[in-house]
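> Just passing along the structure, written as structure tokens.
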Amino acid sequence: MNNRIYLCIDLKSFYASVECVERGLDPLKTNLVVADPTRSRGTICLAVSPSLKQLGVRNRCRVFEIPSSISYIMAPPRMKLYIDYSAEIYGIYLKYIAKEDIQVYSIDEAFLDVTDYLPLYHKTARELGIQILNDIRDTLGVVATCGIGTNLYLAKVALDITAKHSDDFIGSLTEDTYCKTLWNHRPITDFWRVGRGIASRLASMGITTMGEVAHADESILYKAFGVDAEYLIDHAWGREPVTIAQIKAYKAKNTSLSSGQVLFRDYGFEEGLLIVKEMADLLCLDLVDKGLVTSTLGLYVGYSRDTAKSSHGTISMSVTTSSSPIIIKHITELYKKITNRFAPIRRINIEFINVVDEAYEQYDLFTDPAFLERDRKISHAVLDLKKRYGRNAILKGMNLCEGATTMERNRQIGGHRSGDS
Numbered sequence: 005m006n007n008r009i010y011l012c013i014d015l016k017s018f019y020a021s022v023e024c025v026e027r028g029l030d031p032l033k034t035n036l037v038v039a040d041p042t043r044s045r046g047t048i049c050l051a052v053s054p055s056l057k058q059l060g061v062r063n064r065c066r067v068f069e070i071p072s073s074i075s076y077i078m079a080p081p082r083m084k085l086y087i088d089y090s091a092e093i094y095g096i097y098l099k100y101i102a103k104e105d106i107q108v109y110s111i112d113e114a115f116l117d118v119t120d121y122l123p124l125y126h127k128t129a130r131e132l133g134i135q136i137l138n139d140i141r142d143t144l145g146v147v148a149t150c151g152i153g154t155n156l157y158l159a160k161v162a163l164d165i166t167a168k169h170s171d172d173f174i175g176s177l178t179e180d181t182y183c184k185t186l187w188n189h190r191p192i193t194d195f196w197r198v199g200r201g202i203a204s205r206l207a208s209m210g211i212t213t214m215g216e217v218a219h220a221d222e223s224i225l226y227k228a229f230g231v232d233a234e235y236l237i238d239h240a241w242g243r244e245p246v247t248i249a250q251i252k253a254y255k256a257k258n259t260s261l262s263s264g265q266v267l268f269r270d271y272g273f274e275e276g277l278l279i280v281k282e283m284a285d286l287l288c289l290d291l292v293d294k295g296l297v298t299s300t301l302g303l304y305v306g307y308s309r310d311t312a313k314s315s316h317g318t319i320s321m322s323v324t325t326s327s328s329p330i331i332i333k334h335i336t337e338l339y340k341k342i343t344n345r346f347a348p349i350r351r352i353n354i355e356f357i358n359v360v361d362e363a364y365e366q367y368d369l370f371t372d373p374a375f376l377e378r379d380r381k382i383s384h385a386v387l388d389l390k391k392r393y394g395r396n397a398i399l400k401g402m403n404l405c406e407g408a409t410t411m412e413r414n415r416q417i418g419g420h421r422s423g424d425s
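So the sequence shown is numbered by the working numbering: it starts at 5 and just counts up by one.
Given below as structure tokens:
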């Protein structure tokens, strides 16, 4: 666990950089935003190019917030293209590091444990980092930055805070240099896993830097943050005991599947029920595809502009199943029980809890096993058609109703346009 060296590599303004590369433009010199032009000017920009950031345009801003004096290219999101680029960049990592020593953190960020590779290549961590960054740039035209640390936390902080101020886009930290150079750094939200909520609670105690966290009364921190105080204290001292090997070996005790969406307009009670049924049906197909079953369902309903307090609840079924008719029946019962019939609905999340292998499927006295087997065969046939001809190749009647969203969501990846439609 001790004396390890990690790289944390981030693809700079990834979506925007890909769009620039696809147009033969320099990502560092081109003003470009990735946003869906078919939506309103209030839509969020998924990425802005580095040159726009230098002009003061913040990442994840809304289109209308970009000053009218700045000219720029608006590129519709193409999520499939970004996934393809990310896969190619992962392939570049594999030229240098085995997959067991790579932990993908997000589509544009990954941790690499390079400890055992430095003597093999006769390079320092910085030299290996530069070689990988140059390979990414030469192969795909995408600019990347790199943090180097003696643990995962320090590598991430080196990336987020120090690399951006380096001419070669690389930052490096040890526990000692972290304490010497960043204990007084502000704002504290620049540090990994310190959000505005945590920062606000710390500020109420008169704490605004990591150095002050390190020297604070630990009993006060535990009282305010519970067990999470342990992570905060460790990070204040630049410590992080978890390794990539431990992350890969971790197995969750409980498994769940979930799906959520933010609606593009206010939905009424009956329209909201249609969306819940659609989402549950798709998630049931996911269960079948993975060979899983569930016994407990969860539902969250959020309303427009805080017109009402959000609704949430769970329901346990007397069976453990992946059957869409059975699950939709129970999720409908839960929806009608918890949902405010008079508040406009804007957000819906459903969750299948206590998910287990289909070998543990359980019936009650009223279950017809022949019906379940027939339903499963139908689901497999539907999955085969969707995989072969596309997710909209076969639909249910409810997917054609006014207000239904399945057809549009099937054209998206992660809630954004895939670029294939």
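Quick reminder that beta carbons are idealized off the backbone N, C-alpha and C, glycines included.
If we require 4 or more residues per run, which alpha helix (DSSP H) segments fall completely within the region 52-112?
The region 52-112 contains these whole alpha helix (DSSP H) runs: 54-58 and 83-100.
> Smallest Cα separation from P31: which of V22, F115 and G60?
When each option's Cα is compared against that of P31, the closest is V22.
> Is DSSP giving M5 helix, strand or coil here?
Note that M5 scores 45 on pLDDT, short of 50, meaning its location in the model is unreliable; the coordinates nonetheless yield the value given after this. In the structure shown, M5 sits in coil (DSSP, three-state: anything other than H, G, I, E or B).
> Among residues of its own chain, excluding the 5 on either side of I9, which ones have a beta-carbon nearer than 6 Å to its beta-carbon?
The answer, listed in chain order, is V118, T119 and A129.
> Please classify R395: does DSSP put it in a helix, a strand, or coil?
Coil.
> L389 to E274, Cα distance in whole Å?
For L389 and E274, the distance between alpha carbons rounds to 30 Å.
> If you draw a straight line from the alpha carbon of A228 to that of R205, how long is it in whole angstroms?
Computed Cα separation, rounded: 8 Å.
> Does the pairing of the region 198-215 with the region 224-244 give three or more beta-carbon distances under 8 Å?
Judged by Cβ distances under 8 Å, the region 198-215 makes contact with the region 224-244, as three or more pairs qualify.
> Check whether the region 283-291 touches the region 249-258, counting contact only when three or more Cβ pairs, one atom from each stretch, lie closer than 8 Å.
No, the region 283-291 does not touch the region 249-258.
> So, is the C-beta of I248 closer than 8 Å to a C-beta in chain C?
No chain C appears in this structure, which consists of one protein chain only.
> Look at the alpha carbon of R64 and the alpha carbon of L156, and state the distance between them as a whole number of angstroms.
About 26 Å.
> What are the residues that DSSP puts in a beta bridge with R351?
Per DSSP, V266 and G306.
> How many Å lie between R45 and R66 at the Cα?
Near 7 Å, if we compare the C-alpha coordinates of R66 and R45.
> Can you name, in chain order, every residue of its own chain whose Cβ lies under 7 Å from the Cβ of D14, other than the five neighbours on each side?
These residues qualify, in order along the chain: D112, E113, A148, T149 and L163.
> In three-state DSSP terms, what is S425?
Note that S425 scores 49 on pLDDT, short of 50, meaning its location in the model is unreliable; the coordinates nonetheless yield the value given after this. Three-state DSSP puts S425 in coil, outside helix and strand.
> Give a yes or no on whether the C-beta atoms belonging to S263 and I349 are separated by under 8 Å.
Result no, Cβ atoms of S263 and I349 do not sit closer than 8 Å.
> Around the C-beta of A408, are 16 or more other C-beta atoms found within 10 angstroms, so that it is buried, or is it exposed?
The residue in question, A408, is buried, as its Cβ has 16 or more Cβ neighbours within 10 Å.
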